[in-house]
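> First the structure, then my questions, so here it is.
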Amino acid sequence: MSSYRHKARTIALQALYEVDSSARPADTVVERMLATAGLSEETAAFVRELVSGTVVNMDKIDGSIHVYAPAWPLEQIAMIDRNILRLAIYEILFDNKVPVKVAVSEAVELAKTFGSDSSPKFVNGVLGSVSTLASR
2 MSSYRHKART
12 IALQALYEVD
22 SSARPADTVV
32 ERMLATAGLS
42 EETAAFVREL
52 VSGTVVNMDK
62 IDGSIHVYAP
72 AWPLEQIAMI
82 DRNILRLAIY
92 EILFDNKVPV
102 KVAVSEAVEL
112 AKTFGSDSSP
122 KFVNGVLGSV
132 STLASR
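Using our numbering, the first residue of the sequence shown is number 2, and each one after it goes up by one.
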């Protein structure tokens with residue numbers, strides 16, 4: 002796993018979390034975070050791509066969460082887990098630039114870092130369903 006891409010995903014997740022919790026515009030949040038992150042332009046561009054792609058496809062992504070985690074209404078999923086799933090589903094279903102296993106692995110790592118004790122298993126389970134059904 003590339004450390005700069007992991008750092009980019011971490012910042013993208015933090016931005017998505019803030020957007021979800023505050024309803025601030027995504028581009029404003031991202032640019033404020035990038036201003037102090039000290040990232041290369043390539044990494045900053047990756048953060049922007051992840052956040053904007055996730056936000057643009059949010060309705061479809063949330064629909065996927067509804068389909069692949071039917072026992073969990075979106076608003077009942079912990080906010081951090083919901084945004085980890087959104088980011089990973091964007092990469093799996095819409096971006097297609099990294100192997101599915103990489104997107105899932107990165108999401109599980111983010112869940113270990115930022116989520117509860119049950120987050121990694123939950124995220125892995127939902128994304129396992131997404132990746133299985135998405136590859137058909």
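We treat Cβ as the ideally placed atom computed from N, Cα and C, and that holds for glycine.
Let me know if glycine 39 comes out buried or exposed under the rule of 16 or more other beta-carbons within 10 Å of its beta-carbon.
Glycine 39 is exposed by the Cβ-count criterion.
> Given a threshold of 16 other Cβ atoms within 10 Å of its Cβ, counted over all protein chains shown, does tyrosine 69 qualify as buried or as exposed?
Buried, because 16 or more other Cβ atoms sit within 10 Å of the Cβ of tyrosine 69.
> Round the Cβ separation of methionine 59 and serine 22 to the nearest angstrom and send it over; I've been treating them as touching at under 8 Å.
That pair is no contact at about 14 Å.
> Between the alpha carbons of proline 121 and methionine 34, how many angstroms are there, rounded?
Their Cα atoms are separated by approximately 25 Å.
> If we count the other Cβ atoms within 10 Å of its Cβ and call it buried at 16 or more, is asparagine 84 buried or exposed?
Buried is the call here.
> Are alanine 89 and valine 131 close, meaning C-beta to C-beta below 9 Å?
Cβ distance < 9 Å, so alanine 89 and valine 131 count as in contact.
> Quick check on the burial criterion: 16 or more other C-beta atoms within 10 angstroms. Buried or exposed for arginine 1?
What is shown of the chain runs 2 to 137, which leaves residue 1 out entirely.
> Under the rule that 16 or more other beta-carbon atoms within 10 Å means buried, what is serine 4, buried or exposed?
Exposed, since its Cβ has fewer than 16 Cβ neighbours within 10 Å.
> With DSSP as the reference, label serine 117 as helix, strand or coil.
Correct three-state label for serine 117: coil.
> Within 8 Å, do at least three Cβ pairs link the stretch 109 to 119 to the stretch 45 to 55?
Verdict: no, contact absent.
> With DSSP run on the structure shown, which of helix, strand or coil describes isoleucine 78?
Isoleucine 78: coil per DSSP, three-state reduction.
> Can you give, in chain order, each stretch of the alpha helix (DSSP H) that sits fully within the stretch 65 to 109 and has at least 4 residues?
Qualifying alpha helix (DSSP H) stretches, in chain order: 80 to 90.
> Using 9 Å as the threshold, is the C-beta distance between glutamate 110 and arginine 6 below it?
Not closer than 9 Å, so no.
> Leucine 14 lies in the alpha helix (DSSP H); which residues open and close that run?
4 to 23 is the extent of the alpha helix (DSSP H) around leucine 14.
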